[in-house]
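J.: I have a structure here, written as structure tokens, and I will follow up with some questions on it.
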Amino acid sequence: MLLPGTEFIDRVGINIPEHLSANEFLSLAREGMIEEEHLRSFALAEFQSQEAEFTAYGLLTSRFPHEVPGGFFSFVTRELMQARQRMVTDLAPALGMSVDRMRREPRLEAVRRFTEFISWVALHAGAGEAALLARTDFALWCNSCAVLADVLAETEQVPQAVVAYVEAYRDNPPEVADGVLEVIEYGRAHHEPDAWITRSAVRMEPALREWWRAVATAG
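Under the numbering used here, read the sequence shown as residues 48 to 266, first letter to last.
Here it is as structure tokens:
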């Protein structure tokens, strides 16, 4: 029996409240313990992750040039590149960070694992698998940033540019949240195994949880 695409989303089963409760960076912010070094750690980890992500989704666009998956991955790439522009023009300068130096900084272990995971997906995942990974990533990230932006906005020592950067992630774009269903359908029509479709998405929540923990403890 052919399962509907929504069944795969349900199988991933992300728990947003639980994910937010486990976010150690958000906990620091709520406790009023965020310092500039924490914000710098966040900015650097985000910068390094972006490099892997927009390279990965660019490769996925090349691997799946059909308008359905290609359009989806192209949209994700554009979203990531817009975030990168906000990073280099607003966030990094507000924290006194040199973008050129950021390119050479070593990665935290959790960030390295995250970027290697994304790179593996770019090379090996099916179209539906990669799209569901992206949807899961966006859902977790946007919900986290929505809450974090509200908390940071009430924190006196946080520069407005930092609040604005995080705030820009508040809304999960429907092109990703809903567009994933078409890509899953495309993948299955092109013989992508059902077992693949959730294979990477279920790893995203633990990966992001570790990412936030590393950022919180590196400050």
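The beta-carbon is built from N, C-alpha and C at its ideal position, and this holds for glycine as well.
Computed from a predicted model, the values in this text were never measured in an experiment.
What does a CB cutoff of less than 8 angstroms around H91 pick up in its chain, not counting 5 residues either side in sequence?
T.: The amino acid occupying residue 91 in the given sequence is Leu; His does not appear at that position. Around L91: M144, M149, E152.
J.: Starting from Y216, follow the alpha helix (DSSP H) in both directions and report where the run begins and ends.
T.: Run containing Y216: none; DSSP gives neither H nor E here.
J.: In whole angstroms, what is the alpha-carbon distance linking V59 and T245?
T.: Their backbone Cα atoms lie some 6 angstroms apart in a straight line.
J.: What number of angstroms, rounded off, separates the C-alpha of G226 from the C-alpha of L75?
T.: Rounded to whole angstroms, G226 to L75 spans 34 angstroms at the Cα level.
J.: Exposed or buried, L267, counting other C-beta atoms within 10 Å across all chains shown (16 or more means buried)?
T.: The requested residue 267 does not occur in the structure, where the chain is confined to residues 48 to 266.
J.: Output yes or no for whether 8 angstroms exceeds the beta carbon distance between G173 and E257.
T.: Taking 8 angstroms as the Cβ cut-off, G173 and E257 do not qualify as a contacting pair.
J.: Just to confirm the assignment: which complete alpha helix (DSSP H) runs, minimum length 4, are found wholly within the stretch 153-204?
T.: Within the stretch 153-204, the complete alpha helix (DSSP H) runs of at least 4 residues are 156-171, 174-200.
J.: Out of curiosity, what's the CA-to-CA distance linking R260 and A99?
T.: Between R260 and A99, the C-alpha separation is close to 19 angstroms.
J.: Would you tell me roughly how many angstroms separate the C-alpha atoms of E214 and P116, rounded to the nearest one?
T.: Each residue's alpha carbon lies about 28 angstroms from the other.
J.: May I have the straight-line CA-CA distance separating Y104 from I56, to the nearest angstrom?
T.: Roughly 20 angstroms between the two C-alpha positions.
J.: Quick check on the DSSP output: the alpha helix (DSSP H) that includes E78 runs from which residue to which?
T.: Careful: E78 lies outside any alpha helix (DSSP H) and carries neither H nor E.
J.: Figure out for me which residue from V123, G79, P64 has the closest Cα to the Cα of H199.
T.: It should be noted that the sequence gives Leu, not His, for residue 199. Checked all of V123, G79, P64; the closest Cα to L199 is G79.
J.: In this structure, does DSSP put P206 in helix, strand or coil?
T.: Coil, per DSSP.
J.: Along the alpha helix (DSSP H) that carries E252, what are the first and last residues, could you check?
T.: That run of the alpha helix (DSSP H) goes 251-265.
J.: Taking the beta carbon of D218 as the centre, do at least 16 other beta carbons fall within 10 Å, making it buried, or is it exposed?
T.: Exposed is the call here.
J.: Does at least one heavy atom of the ligand MN sit under 7 angstroms from the Cβ of A215?
T.: Ligands are entirely absent from the displayed structure, and the ligand MN is therefore not among its contents.
J.: For the candidate residues V158, L107, H66, whose alpha-carbon lies nearest to that of Q97?
T.: Closest by alpha carbon: V158.
J.: Please list, in chain order, all residues of the same chain as F94 whose beta carbon is under 7 angstroms from its beta carbon, the five residues on each side excluded.
T.: Cβ within range, chain order: M134, M149.
J.: Tell me which same chain residues have a C-beta within less than 7 angstroms of the C-beta of V123, skipping the five on either side of it?
T.: Excluding positions up to five away in sequence, the list reads Y104, A181, V223.
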